[in-house]
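Numbering-wise (this note's numbering), the sequence shown opens with residue 1 and increments by one. Ideal Cβ placement from N, Cα and C applies to all residues, glycine included. Here the structure comes first, spelled out in structure tokens, and everything after it is commentary.
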Amino acid sequence: MDFNDSPQEAEFRLKAKAWLSENADLKKEDSLASFNLITSEETPENFDSAHAWQQKRAADGWIGITWPKEFGGQSGSVMEDIIFRQELANYETPPDLFFLGVGLAGPTIMTHGTEQQKKHYLPRILNGSDIWCQLFSEPGAGSDLAGLRTKAVKDGDDWIINGQKVWTSGGHYSDLGMLVTRTDFDVPKHKGLTYFILDMKTPGVEARPIKQITGGANFNEVFFTDVRISDSQRLGSVGGGWGVALTTLMNERLSLSGGFGDPSLIALELQKLAKVVYINGKPASEDSVVRQKIAGYYSRLKAMDLSVKRTLSVLSGGGIPGAESSIVKLETGLLLQEVAAFAMELQNGQGIEYWGQSQHNNGFWQELYFLIPAMRIGGGTDEIQRNIIGERVLGLPPEQRVDKGIAYKDIPN
Ligand SMILES: Cc1cc2nc3c(=O)[nH]c(=O)nc-3n(C[C@H](O)[C@H](O)[C@H](O)COP(=O)(O)OP(=O)(O)OC[C@H]3O[C@@H](n4cnc5c(N)ncnc54)[C@H](O)[C@@H]3O)c2cc1C
């Protein structure tokens, strides 16, 4: 395993660092946000700065790093994209409202779109003209995405859409959505799906933000009532939506890999906290049980960091990472949940205050505690990761798939 950059990667990292230092401010050294899990509030006030930042990146070629040059990208490698994101995490920058467009919609359109769709949408994604959202999950279809039931019915040259999506991040401010619908109920579930590009301002589309436990409301229920869209908005063939959705999901996985900070930094923050809270009149950091716990968390989180680096090393060598990234996702989520709970316990009564005046680190630990469940659900829940590890890493018997080969309309629900 070689965790170092190759000479070419090292050169790219230097270039990225140089551009970032000229165009953005470094995060303050003691800023907990240097661990890039905590997302900034995506409020409309942040939109102008987010657009300006996107345009600056686009003008200097620091957006769409892996996109082919013919579509306005840099034809760079996945590792180069990860390196840029790793460096970017050290700087204060506006929230990335364009992540779903650049990382998911763009590559999906490049693979499945018509020439006209590529010509229209791809430049607008890169220069930040459109914000995209992902209209995949439904109340009865999340882990089992292919079980979705939002219905699209052909009407002349148009389609009429009825149904509901849920957990649509940024749906209330997005311009366009990647929408998967069911167009055939008489075939098995994966075969009757069709994918569309939806203008979110189309009459009949209603996004209702959902209040989250953190206090924000970044994701939505989205309802479709007799939404009429042209067949030219279809991406891929009628009934071929599952293949198109898989392209989106594969790119989602790539976009999320490796760009987060080293999770063991969180254990170091816990160490700092333990020095300023007291147990029986003494700093908690002098308590042997607390010290053992922090050392344990540090070791386990460092193991996760090294596992991510191992995956990146495989990528860098031109290989394809295996199911081991499921182990990292599962274990990191469980660990951080435990660490945040312990940090709140260390703060005693103050631990249960959310946004209270006297909280340590501006309520970082409370926010982390509330955010981790989302991390453990999005991108595949804990149980789905366990299924993957069981089947693909441990070689255990596969799950029973009782709806295999059965027409969607005949599956009990
Ligand atoms: C922060 C966040 C942002 C999101 N943004 C978006 C977005 O922008 N667009 C979008 O479309 N979706 C989005 N999602 C939705 C996300 O993709 C789903 O929440 C996820 O796929 C899980 O689906 P579900 O919520 O329907 O839960 P379900 O699939 O209904 O799962 C419920 C429970 O059953 C368990 N379970 C399900 N299947 C199995 C199985 N086969 N074996 C064992 N246990 C099982 C699960 O682990 C879970 O505990 C987001 C989610 C989060 C947390």
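Nearest-angstrom Cβ-Cβ length linking residue i and residue j, presumed shorter than 8 Å
i	j	result
L97	I131	5 Å
S255	F219	The pair is not a contact, with the Cβ atoms about 18 Å apart (cut-off 8 Å).
L273	L335	Between L335 and L273 the Cβ distance is about 16 Å, and since that is not below 8 Å, they are no contact.
V227	G204	4 Å
A128	Q8	One point to set straight first is that residue 128 is Gly, not Ala, in the sequence displayed. 29 Å between Cβ atoms; not a contact.
T248	M178	6 Å
P123	N46	Contact doesn't hold; Cβ gap of about 23 Å is too wide.
S137	K165	6 Å
L306	A340	That belief does not hold up - the Cβ atoms of L306 and A340 are roughly 22 Å apart, past 8 Å.
L126	G76	Contact doesn't hold; Cβ gap of about 14 Å is too wide.
L330	R386	7 Å
F12	I83	6 Å
A24	T111	That pair is no contact at about 32 Å.
S285	K275	5 Å
Range covered by the beta strand (DSSP E) that runs through residue i
i	result
W159	D158 to S169
R401	Element bounds for R401: n/a, residue is neither H nor E.
V180	L176 to R182
Residue i - partner residues in DSSP beta bridges
i	result
N220	T168 and P209
D155	D158
R234	F196
T214	Looking at the DSSP assignment, T214 forms no beta bridge with any residue, so it has no partner.
L26	Y91
G240	L193
Y408	Paired residues: none, contrary to the question.
V227	I161
P7	The partner list for P7 (beta bridge, DSSP) is empty, contrary to what the question assumes.
E138	A141
P188	A407
Opening and closing residue of the alpha helix (DSSP H) in which residue i lies
i	result
G296	S288 to S316
H51	F47 to A59
A374	F364 to I377
D382	D382 to I388
A340	E324 to L346
A284	Where A284 is concerned, there is no enclosing alpha helix (DSSP H), given that its DSSP letter is neither H nor E.
Q271	S264 to V276
Continuous beta strand (DSSP E) assignments of at least 3 residues falling wholly in the region 76-135: List check, beta strand (DSSP E) in window: 132-135.
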